[in-house]
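The opening residue of the sequence shown carries number 914 in the working numbering; numbering runs sequentially from there.
The beta carbon of each residue, even a glycine, is placed where N, CA and C say it ideally should be.
Remember, predicted model here, so these are calculated numbers, not experimental data.
Data first, discussion second: the structure below is written as structure tokens.
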Amino acid sequence: MKAGLLSLAAGAFALTAASANAAVLDFGSWTFDNTFWGTPGASSHDFALADGLTLTATAGNYSTGRVTYDWEGRPTYHDPLTSKLGRSTDGFSSWTAGWWQYDPQEIDGTGPNEYIELSFNKVVDLNWIDFSYVGSNDDVSMSLNGSDVPNSPTDTDPFYFLSGTSGSVLRLDAFGNNNDFTIKSLSYDIPAEVPLPAAAWFMLTALGGLAGGRWLRKGTARAAA
């Protein structure tokens, strides 16, 4: 009987499931205090979402430290470079990154390769991500918690479905001069534990009573000896 109770208790503790409350983050709807075109600007921004969830969006690049010069001999960028986070102003109303005022208004590989990282304070179930300004020759390199996500969106199908994937850190990279894109929106679910059913609580209580009774019997036997 004890073995049966232990088995039921283990099964009760394993009862978890995903929530069906999908949320959509519209990145074109938020207004930043500063723009990254020129100075000043912000490299990251924090957002308080529903159900205690927070999101930190960070813009960055893979600068190698080289310096280039324009037609008038002025340096166009130096190391270290600081990419700024902001919104595209070319009609696509979406998130992008940039490191100087003449940098194209996309997450791109022109100059240093750029990226945007979306970091949640806890694991979420990802549904889809919607891109803007994606052409047929553009490749989006994505990783979730450090593991590569295969395939890439295209200009004819900017939605990329991530159903069945869970994680807390999503990074989107642009490698190479011909790759550029912006991020329009993201859909996610917050996983939720299912409360233990009444029967499971009853079985756990019975298990506790059984263990307590056995301990009392052992104590009585030792006292009698």
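{"Asked": "Rounded straight-line distance, which links the Cα of glutamate 985 to that of isoleucine 1029", "Found": "31 Å"}
{"Asked": "Neighbourhood of threonine 969 by C-beta distance below 7 Å, restricted to the same chain and skipping five residues each side", "Found": "Ser957, Asp959, Ser1032"}
{"Asked": "Backbone CA spacing between asparagine 1026 and leucine 1075 [nearest angstrom]", "Found": "24 Å"}
{"Asked": "Strand pairing of glutamate 1027, partner residues [DSSP]", "Found": "Asn974"}
{"Asked": "Under the three-state DSSP convention, the category glycine 965 falls into", "Found": "helix"}
{"Asked": "Leucine 1099 vs leucine 938 beta-carbon contact at 7 Å", "Found": "yes"}
{"Asked": "Bridge-paired residues (DSSP) for leucine 1057", "Found": "Ser1060, Leu1083"}
{"Asked": "Contacts around aspartate 1043, its chain only, beta-carbon distance under 7 Å, and the 5 residues preceding and following it disregarded", "Found": "Pro1071, Phe1072, Lys1097, Ser1098"}
{"Asked": "Same chain only: Cβ atoms within 6 Å of aspartate 964, ignoring 5 sequence neighbours per side", "Found": "Ile1103"}
{"Asked": "Coarse secondary structure for leucine 918, derived from DSSP in three states", "Found": "Residue confidence is low: leucine 918 scores 28 on pLDDT, short of 50, so the model does not pin down where it sits. Its coordinate-derived value is still stated next. Residue state, collapsed to three classes: helix."}
{"Asked": "Residues near serine 1056 in its chain [Cβ-Cβ closer than 7 Å; skip 5 each side]", "Found": "Val1062, Arg1084"}
{"Asked": "Beta-ladder partner(s) of serine 1032, from DSSP", "Found": "Thr969, Val1082"}
{"Asked": "Residues bridged to leucine 1039 (per DSSP)", "Found": "Thr1078, Tyr1101"}
{"Asked": "Beta-carbon proximity check, asparagine 1058 vs glycine 1077, cutoff 7 Å", "Found": "no"}
{"Asked": "Best match in Ser996, Trp1041, Val1037 for proximity to glycine 973 [C-alpha to C-alpha]", "Found": "Ser996"}
{"Asked": "Straight-line gap, asparagine 1034 to leucine 966 (C-alpha atoms, nearest Å)", "Found": "6 Å"}
{"Asked": "Those residues which DSSP pairs with phenylalanine 1072 across a bridge", "Found": "Asp1043"}
{"Asked": "Per-residue burial, valine 1036 [other beta carbons within 10 Å of its own, 16 or more giving buried]", "Found": "exposed"}
{"Asked": "Nonlocal neighbours in the same chain, by C-beta distance under 8 Å from tryptophan 1041, ignoring five residues either side", "Found": "Phe1072, Tyr1073, Phe1074, Leu1075, Ser1076, Leu1099, Ser1100"}
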